[in-house]
Amino acid sequence: MAGGKLQPCKCLRLRLQVPLQYQHCHLMMSDGVKELPWGVSWVVVTGASKGLGAAICEGVAGVVAPGSVIIGVARSQHGLDNTQAMVHKANPDVKFISIGMDLETASKEELQKTLDKLPQVGQSSRPTRCLLFHNAGSLGNLVYLRDLKDQDHINSYFRLNIGSVVLLNALFIDMMLKQPDVSIDVINISSLCAVQPFKSWGLYCAGKASRDMLFKVLAEEEPRIRVLNYAPGPLDNEMQETARSATGDKELRSAFASLKDEGKLIPCNVSVNKLLNILKLHQFKSGDHVDYYDA
Ligand SMILES: NC(=O)c1ccc[n+]([C@@H]2O[C@H](COP(=O)([O-])OP(=O)(O)OC[C@H]3O[C@@H](n4cnc5c(N)ncnc54)[C@H](OP(=O)(O)O)[C@@H]3O)[C@@H](O)[C@H]2O)c1
Numbered sequence: 013m014a015g016g017k018l019q020p021c022k023c024l025r026l027r028l029q030v031p032l033q034y035q036h037c038h039l040m041m042s043d044g045v046k047e048l049p050w051g052v053s054w055v056v057v058t059g060a061s062k063g064l065g066a067a068i069c070e071g072v073a074g075v076v077a078p079g080s081v082i083i084g085v086a087r088s089q090h091g092l093d094n095t096q097a098m099v100h101k102a103n104p105d106v107k108f109i110s111i112g113m114d115l116e117t118a119s120k121e122e123l124q125k126t127l128d129k130l131p132q133v134g135q136s137s138r139p140t141r142c143l144l145f146h147n148a149g150s151l152g153n154l155v156y157l158r159d160l161k162d163q164d165h166i167n168s169y170f171r172l173n174i175g176s177v178v179l180l181n182a183l184f185i186d187m188m189l190k191q192p193d194v195s196i197d198v199i200n201i202s203s204l205c206a207v208q209p210f211k212s213w214g215l216y217c218a219g220k221a222s223r224d225m226l227f228k229v230l231a232e233e234e235p236r237i238r239v240l241n242y243a244p245g246p247l248d249n250e251m252q253e254t255a256r257s258a259t260g261d262k263e264l265r266s267a268f269a270s271l272k273d274e275g276k277l278i279p280c281n282v283s284v285n286k287l288l289n290i291l292k293l294h295q296f297k298s299g300d301h302v303d304y305y306d307a
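According to this note's numbering, the sequence shown is numbered sequentially starting from 13.
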């Protein structure tokens with residue numbers, strides 16, 4: 013990483029008027045930053061059918077070199093077709109492979125077969141950079157913990173938001189670490205909820221906190237891999253609509269409504285541009301949690 017100095021985090025003061033209970037820090041860019049080139053990239057984006065994932069595909073297509081390959085995974089084939097069109101418009105020299113798949117139930121073999129498409133489709137140009145965006149995610153039931161009694165829902169929540177992430181990640185890094193001269197980035201799409209508790213969002217907060225720690229461990233284990241936990245900020249998309257309508261805690265539900273009413277939600281492409289800039293400049297220590305508002 014680029015050398016840097018520790019700065020206090022500013023991100024937790026804003027957005028939702030809930031008590032600040034956690035402070036964290038991250039490393040900021042210092043002088044003499046060396047940009048990491050994108051070059052020919054092999055990219056996997058989960059949850060690529062809409063929202064932030066679609067915007068990641070579009071944004072990445074706009075910066076990588078011709079011959080790059082992006083695999084987009086999600087359940088909605090219609091959504092993936094839209095993303096494919098966005099990618100093509102951003103850069104017709106990037107190949108987009110859409111994989112319609114339920115990540116909650118996908119087998120190891122299905123995930124491996126998906127990753128094997130990278131060398132098959134991208135065989136004409138060797139990659140210089142490989143990136144995995146763990147973006148797919150769900151909110152789960154937004155009720156108080158005392159009301160979380162649906163065992164199937166609880167198990168299914170962690171299968172999608174943790175289990176599939178661990179497995180896909182292992183298969184991806186095992187494959188990429190065998191490539192000699194390739195730089196590897198693993199990006200976990202995190203949330204403020206990874207570091208701050210929100211009433212009636214127990215599953216989501218626990219899922220995001222677990223994922224942050226998983227990727228901190230990955231950063232310790234694999235010095236060759238750049239690992240980033242990126243919290244994209246409150247986005248102007250479908251997930252926020254659900255947050256406004258389905259959040260069990262009344263105070264939090266109206267805080268979400270205020271974000272919308274006051275025009276404080278962030279367009280997905282704006283957050284993605286910031287993420288790509290962070291990845292290009294490498295303004296973080298591997299494993300850090302970096303928030304949209306801090307970068
Ligand atoms: N929205 C926000 O304000 C906000 C804030 C902080 C962090 N985040 C995080 O940002 C990431 C993207 O969220 P978003 O806001 O873009 O939400 P979104 O619009 O609901 O998109 C979620 C994506 O995940 C995919 N997905 C969900 N369940 C899946 C499954 N079982 N198998 C495969 N794919 C599945 C969806 O595709 P299909 O439905 O087609 O399967 C969709 O592409 C999430 O990790 C979220 O937690 C969002």
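C-beta atoms are modelled at their ideal positions from N, C-alpha and C, and glycine is treated no differently.
What does a CB cutoff of less than 6 angstroms around Tyr169 pick up in its chain, not counting 5 residues either side in sequence? In the same chain as Tyr169, and ignoring 5 residues on each side of it, the C-beta atoms closer than 6 angstroms to its own belong to Gly152 and Leu215, in chain order.
Segment contact, 8 angstroms Cβ cut-off, at least three pairs: the region 231-238 with the region 296-303: Yes, since at least three Cβ pairs between the region 231-238 and the region 296-303 fall closer than 8 angstroms, the two stretches touch.
Helix, strand or coil at Arg238 according to DSSP, with G and I counted as helix: Three-state result, Arg238: strand.
For Ile196, which residues in the same chain have their Cβ closer than 6 angstroms to its Cβ, ignoring the five residues on either side in sequence? In its chain, beyond the 5 residues on either side, Cys142, Met188 and Ile237 have a beta carbon closer than 6 angstroms to the beta carbon of Ile196.
When Gln208, Pro49 and Thr58 are compared against Val75, the one with the closest alpha-carbon: Closest option to Val75, Cα to Cα, is Pro49.
Measure the C-alpha to C-alpha separation of Ala67 and Ser283 and round it to an integer number of angstroms. CA-CA distance, Ala67 to Ser283, rounds to 9 angstroms.
By Cβ distance below 8 angstroms, which residues in the same chain neighbour Ile290 in space, the five residues on each side in sequence not counted? The beta carbon of Ile290 sits closer than 8 angstroms to the beta carbons of Leu240, Tyr242, Phe296, Val302 and Ala307 from its chain, once the five residues preceding and following it are set aside; these are given in chain order.
Can you tell me which of the three DSSP states Ala178 falls into? Residue identity differs from the one stated: residue 178 is Val in this sequence, not Ala. In this structure, Val178 counts as helix in the three-state DSSP scheme.
Is Leu87 a contact residue of ligand 1, with contact defined as CB to any heavy atom under 6 angstroms? The question names Leu, but residue 87 is Arg in the sequence shown. Ligand 1 has a heavy atom closer than 6 angstroms to the beta-carbon of Arg87.
Three-state secondary structure assigned by DSSP to Asp303: When secondary structure is reduced to three states using DSSP, Asp303 falls in the strand class.
Give the straight-line distance between the Cα atoms of Leu271 and Asp248, rounded to the nearest whole angstrom. The C-alpha of Leu271 lies about 10 angstroms from the C-alpha of Asp248.
Can you tell me which of the three DSSP states Asn200 falls into? It is a strand residue.
Any chance the region 84-95 sits against the region 52-62, with 3 or more Cβ pairs inside 8 angstroms? With the cut-off at 8 angstroms, the region 84-95 and the region 52-62 touch.
Through-space distance from Gly84 to Gly16, alpha-carbon basis: Confidence at Gly16 is low in this model, with a pLDDT of 31, below 50, so its placement is unreliable and the value that follows should be read with caution. Cα-Cα distance, rounded: 34 angstroms.
Answer yes or no: the CB of Gly152 versus the heavy atoms of ligand 1, is any distance below 6 angstroms? The beta carbon of Gly152 sits no closer than 6 angstroms to any heavy atom of ligand 1.
Please state whether DSSP places Thr126 in a helix, a strand or coil. Helix, per DSSP.
For the alpha helix (DSSP H) holding Ser222, just list the boundary residues, first then last. Secondary structure note for Ser222: its alpha helix (DSSP H) is the uninterrupted segment Gly214 to Glu233.
Check whether the Cβ of Gln252 sits closer than 6 angstroms to any heavy atom of ligand 1, and report yes or no. Yes, Cβ of Gln252 sits closer than 6 angstroms to a heavy atom of ligand 1.
From which residue to which residue does the beta strand (DSSP E) around Phe296 run? Looking at the DSSP string, Phe296 is not in any beta strand (DSSP E), and its letter there is neither H nor E.
Does the Cβ of Ala182 lie closer than 6 angstroms to at least one heavy atom of ligand 1? Not under cutoff, so the answer is no.
Measuring CB to CB, does Lys228 end up less than 7 angstroms from Glu47? It is not a contact, given that the beta carbons lie outside the stated cut-off.
Report yes if the C-beta of Ile209 is less than 6 angstroms from at least one heavy atom of ligand 1; otherwise report no. Sequence inspection shows Pro at residue 209; the Ile mentioned does not correspond to that position. At a cut-off of 6 angstroms, the beta-carbon of Pro209 does not count as near ligand 1: no heavy atom of the ligand is closer than that.
Close Cβ partners of Tyr304 (< 7 angstroms) along its chain, the five nearest in sequence each way excluded: Excluding residues within five positions, the ones whose Cβ falls inside 7 angstroms are Ala243, Pro244, Gly245, Ile278, Ser283 and Lys286.
Taking 7 angstroms as the threshold (C-beta atoms), are Val57 and Ser137 in contact? The answer is no: Cβ separation not under 7 angstroms.
If Ser80 sits next to Val99, beta carbons under 8 angstroms apart, how far is it from one beta carbon to the other, in whole angstroms? For a cut-off of 8 angstroms, the C-beta gap from Ser80 to Val99 is around 10 angstroms, too long to register as a contact.
At which residues does the alpha helix (DSSP H) containing Lys272 begin and terminate? The continuous alpha helix (DSSP H) containing Lys272 extends over residues Lys262 to Asp273.
Give the single residue among Ala97, Gln124, Ala77 and Leu92 whose Cα lies nearest to the Cα of Asp105. Selection Ala97, Gln124, Ala77 and Leu92 evaluated against Asp105 yields Ala77 as nearest (Cα-Cα).
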